[in-house]
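Chains as they are written, first to last, in the UniProt record's numbering: chain A, 18 to 197; chain B, 18 to 197.
Notes follow once the structure below has been shown.
Number of protein chains: 2
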Amino acid sequence: TEAPVNLPARYKREIPEGDSRLRIVCSDCGFINYENPKVVVGAVVREGDRILMCRRAINPRHGFWTLPAGYLELNETTADGARREAWEEARAKIEIDGLIAVYSIPRLSQVQVIYRARFAAPGIEPGPESLEVGLFAWDEIPWNDLAFPSVRWALEHYREVGDAEHFAARTNPPGELGNF
Amino acid sequence: TEAPVNLPARYKREIPEGDSRLRIVCSDCGFINYENPKVVVGAVVREGDRILMCRRAINPRHGFWTLPAGYLELNETTADGARREAWEEARAKIEIDGLIAVYSIPRLSQVQVIYRARFAAPGIEPGPESLEVGLFAWDEIPWNDLAFPSVRWALEHYREVGDAEHFAARTNPPGELGNF
Ligand SMILES: [Zn+2]
Ligand SMILES: [Zn+2]
């Protein structure tokens, strides 16, 4: 067993007693670093027929366009996380009014919880992780410069649900795993 | 800063450079153990008017009743995880046909993704984490011996949606945080 990438050599991948999967274990002290899937929370925030998007100032996919979204923090609800990310990335105050989708990106061990939202207050500007932010009508969306496949999924699923009061949450399009 | 519970003393909680939150950091080698919220996946599996439940053989809440559910594994979709848990806990082969809810339990940093499902094959029996498993009509459900508040939420939300083909996913009941 080799040390996992980016970790000191004393960390090995092994199956702890009573477990059935490989974990990262410290061969000095036995500390088990359970790696867990990560939760991404985000929102399609719309004003009239326009949708809020952010151009990424960070890797991966620096310079490409995304929806305001990011990792859920400890002790946070998914809705609170989506509101926080809209603030951090676009200085937008938003109000959630529906769950658009729960996507799984198994290669990245990601679960994405994507809400529909409106602006709770006017104004957007780039936060530290955005190069620029903007509101785009459907035909103005930078389709060729989207950061991730799931950005397209969320936009298309939002397009399906529109302003419906009740709608079923979507999942990955058939056969798509979100790899990029 | 004290060592987090259950970790050797060289692990301290501190805010790494460029970060804004407390993380668990090894004071010997600087390894940062990012703790992340955990994803629980599960299902309300029904046959006619009866619902599959499992009596827990493990802590927490040993001996209490729950839905088949557990932690999502790495590289797994949420739907695959829910199917795996139904097999592990009740030896049930299930077919998912809707998303009942996405709950947040912020004190436990849990996101719960709960599906509606049917049996894809007959037969249930207790897996290693269940003392017993059973199918319960609504009035037979062991309401006073449920393991977690979110078990009740999921049952009640299933009751609302029934066999509807399309329905909006539910979230925590107003004001409820799922503490137990
Ligand atoms: Zn160690
Ligand atoms: Zn160390």
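Idealized CB from N, CA, C, for every residue including glycine.
With 16 other Cβ atoms within 10 Å as the buried cut-off, status of residue i
i             : result
residue 87/B  : buried
residue 183/A : exposed
residue 174/B : buried
residue 38/B  : exposed
residue 140/B : exposed
residue 117/A : buried
residue 179/A : exposed
residue 63/B  : buried
residue 98/B  : buried
residue 102/A : buried
residue 131/A : buried
residue 113/B : buried
residue 192/B : exposed
Residue nearest to residue i in terms of C-alpha spacing, selected from the options
i             : options                    : result
residue 36/B  : 150/B, 124/B, 51/B, 74/B   : 51/B
residue 111/A : 118/A, 124/A, 136/A, 123/A : 136/A
residue 49/A  : 25/B, 162/B, 40/B, 63/B    : 25/B
residue 133/A : 197/A, 171/A, 120/A        : 171/A
residue 127/A : 93/B, 124/B, 123/B, 104/B  : 93/B
residue 190/B : 57/B, 162/B, 120/B, 97/B   : 120/B
residue 54/B  : 122/B, 153/B, 102/B        : 122/B
residue 60/A  : 96/A, 47/A, 40/A, 125/A    : 96/A
residue 84/B  : 185/B, 176/B, 167/B, 32/B  : 167/B
residue 100/B : 69/B, 34/B, 58/B           : 58/B
residue 40/A  : 47/A, 34/A, 30/A           : 30/A
residue 69/B  : 104/B, 91/B, 77/B          : 104/B
Own chain, CB closer than 7 angstroms to residue i, minus 5 neighbours either side, in chain order
i             : result
residue 138/B : 110
residue 159/B : 82
residue 75/B  : 146
residue 156/A : none
residue 67/B  : 152, 153, 154
residue 186/A : 116, 117, 118, 119
Sequence-distant residues of the same chain with beta carbon closer than 6 angstroms to residue i, five excluded per side
i             : result
residue 79/B  : 73
residue 150/B : 71, 107, 141, 143
residue 115/A : 133
residue 81/A  : 73, 162, 164
residue 56/B  : 89, 128
Cut-off 8 angstroms between Cβ atoms - residues of its own chain near residue i, not counting five sequence neighbours on either side
i             : result
residue 27/B  : 20, 43, 44, 45
residue 176/B : 155
Cutoff 8 angstroms: residue i Cβ touching any chain D Cβ
i             : result
residue 117/A : Among the protein chains of the structure shown, namely A and B, there is no chain D.
Residue i Cβ short of 7 angstroms to ligand 3 heavy atom set
i            : result
residue 52/B : Ligands in the displayed structure: ligand 1 and ligand 2; ligand 3 is not one of them.
Kindly provide the ranges of any alpha helix (DSSP H) runs that are 4 or more residues long and lie completely inside the UniProt domain "Nudix hydrolase" (53-176) of chain A, ordered along the chain.
95-107
Interface positions of the segment 21-37 of chain A facing chain B (Cβ-Cβ less than 7 angstroms), listed along the chain
24, 25
Residues of the segment 120-147 of chain A whose Cβ lies closer than 8 angstroms to any Cβ of chain B, in chain order
121, 123, 124, 126, 128, 130
Taking Cβ-Cβ distances below 8 angstroms as the criterion, which residues of the segment 164-188 of chain A are in contact with chain B?
183, 184, 185, 186, 188
Which residues, in chain order, does the segment 41-61 of chain B contribute to contact with chain A at a C-beta distance below 7 angstroms?
46, 48, 50, 52, 53, 54, 55, 56
Taking Cβ-Cβ distances below 9 angstroms as the criterion, which residues of the segment 87-98 of chain A are in contact with chain B?
88, 89, 90, 91, 92, 93, 94, 95, 96, 97, 98
Positions along the segment 103-120 of chain A whose CB lies within less than 8 angstroms of some CB in chain B
115, 116, 119
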